[in-house]
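For reference, the structure discussed in these notes is given below.
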Amino acid sequence: MATVSLEDVRKVYRGGVAAVKGVSLDIADGEFISLVGPSGCGKSTTLNLIAGLEEMSGGTLRIDGAVVNDMSPRERDIAMVFQSYALYPHLDVARNLAFPLKVAGVAKADIDARVREVASLLGLEGLLSRKPKELSGGQRQRVALGRALVRRPKVFLFDEPLSNLDAALRTQMRGEIKKLHEQLKATFVYVTHDQAEAMTLSDRVVVMNQGEVQQVAPPRELYDAPANLFVAGFFGAPRINLVKPRTLGLPDADVVLGLRPEHLEVGQGTPPPEALEGHVYLVESMGAESWVTVDVAGERMVARAAGDFRVPTGAPVWLRYDAAKLRRFDAKSGRAL
Ligand code: ADP
Numbered sequence: 001m002a003t004v005s006l007e008d009v010r011k012v013y014r015g016g017v018a019a020v021k022g023v024s025l026d027i028a029d030g031e032f033i034s035l036v037g038p039s040g041c042g043k044s045t046t047l048n049l050i051a052g053l054e055e056m057s058g059g060t061l062r063i064d065g066a067v068v069n070d071m072s073p074r075e076r077d078i079a080m081v082f083q084s085y086a087l088y089p090h091l092d093v094a095r096n097l098a099f100p101l102k103v104a105g106v107a108k109a110d111i112d113a114r115v116r117e118v119a120s121l122l123g124l125e126g127l128l129s130r131k132p133k134e135l136s137g138g139q140r141q142r143v144a145l146g147r148a149l150v151r152r153p154k155v156f157l158f159d160e161p162l163s164n165l166d167a168a169l170r171t172q173m174r175g176e177i178k179k180l181h182e183q184l185k186a187t188f189v190y191v192t193h194d195q196a197e198a199m200t201l202s203d204r205v206v207v208m209n210q211g212e213v214q215q216v217a218p219p220r221e222l223y224d225a226p227a228n229l230f231v232a233g234f235f236g237a238p239r240i241n242l243v244k245p246r247t248l249g250l251p252d253a254d255v256v257l258g259l260r261p262e263h264l265e266v267g268q269g270t271p272p273p274e275a276l277e278g279h280v281y282l283v284e285s286m287g288a289e290s291w292v293t294v295d296v297a298g299e300r301m302v303a304r305a306a307g308d309f310r311v312p313t314g315a316p317v318w319l320r321y322d323a324a325k326l327r328r329f330d331a332k333s334g335r336a337l
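Under UniProt numbering, the residue at position 84 of the sequence shown is numbered 84, and the numbers go up by one with no gaps.
Next up, the structure:
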């Protein structure tokens, strides 16, 4: 069992930067949880506090119910995978994998068995005698993962582990990490600034901004029912349309209305009843779909259209939306209403 619980956890760095401002979070055993948010929002600091690499300024951290505030990283039985691979360049893959066990004084026969087991899990069997410089980026990242796995820790922490990889490899490794989690059934805490990674990997996502948690929810819920404007704007590409009621032909009020581009239909010709009228500002063809930006009542909105949608800039178009899909936010606080 490996639950992780944060209670009002805080971090103020020397010099006075309040990086984490009272985060409370209960991570279940075997859960895959992502911390996501823009650069500088406190994700890595939160992860480092869990790992014990940074000292907390306040709050309580528990692993499996035991308070670990004053425990060293090693005592916490946690493994961390970083963005930089941090492999030992002079050791081959087998020795890199064996290193953490050697340090921990595990018997040689056990080390060999565990290295073989992890190598097979990650498809590294054929690479055991290579040095890191003889590996591709993806292979190196796999070795780094393997080095975290051999110790069989209670909790795995990942800090942007894929951000050094190219797009194709990133997608592939993302799938592998998800598979790995299914196989290990261990607790994973994963930091990323990439909304797609957070959405596809996680059981739940923690959205952070400026050191504070904005919302904790399963990916679908974050997308369908964002708690505030920040969360609404963070997930979704193209971004959610955030407009005044007037733009949608509704009476004025102190609210911001959110409408996802897939809930906005764009067309040419005679407008259907209750459609809005506007002009095309930009059409971006993405292959399977097009993103159509339309000027309407002094604001711009993006609609998703078919891949073959072709309308010249400036052409008149109509827009129709599904009123049931509108999200309403308080204009002052940004909170969902
Ligand atoms: P993220 O991982 O979301 O990009 P960080 O946790 O790295 O954010 O940083 C949160 C805030 O704390 C930022 O303002 C950053 O500049 C600051 N910070 C991070 N590490 C240190 C440090 N060692 N000393 C002082 N400030 C730091």
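Positions of the beta carbon are idealized from the N, C-alpha and C atoms, including for glycine. Since the model is a prediction, treat every value here as computed from it, not as a measurement.
Note that the C-beta distance between Glu7 and Gly59 is below 8 Å. The alpha-carbon of Gln215 is positioned some 16 Å away from that of Tyr190. At a Cβ-Cβ threshold of 8 Å, Val155 and Val4 count as neighbours. Using a Cβ-Cβ distance cut-off of 8 Å, the region 211–228 and the region 243–254 are not in contact, since fewer than three pairs of beta carbons, one from each stretch, lie closer than that value. Taking a C-beta distance under 8 Å as the contact criterion, Leu201 and Phe82 do not qualify as a contact pair. Taking the Cα positions, Gly269 is about 13 Å away from Arg320. Beta bridge pairing from DSSP links Gln215 with Val207. With 16 or more other CB atoms across the displayed protein chains lying within 10 angstroms of its CB, Arg170 is buried. With a minimum length of 3 residues, the unbroken runs of beta strand (DSSP E) contained wholly in the region 137–177 fall at 155–159.
For Pro132, DSSP assigns no beta-bridge partner whatsoever. Put simply, of Leu101, Ala168 and Ala186 the residue whose alpha carbon is nearest the alpha carbon of Asp64 is Ala186. In this chain, the beta strand (DSSP E) harbouring Asp295 covers Glu289 to Val296. Residue range Leu276 to Ser285 is occupied by the beta strand (DSSP E) that includes Ser285. Judged by pairs of C-beta atoms under 8 Å, the region 263–277 touches the region 292–302, as three or more such pairs exist. Assigned with DSSP and collapsed to three states, Val36 falls in strand.
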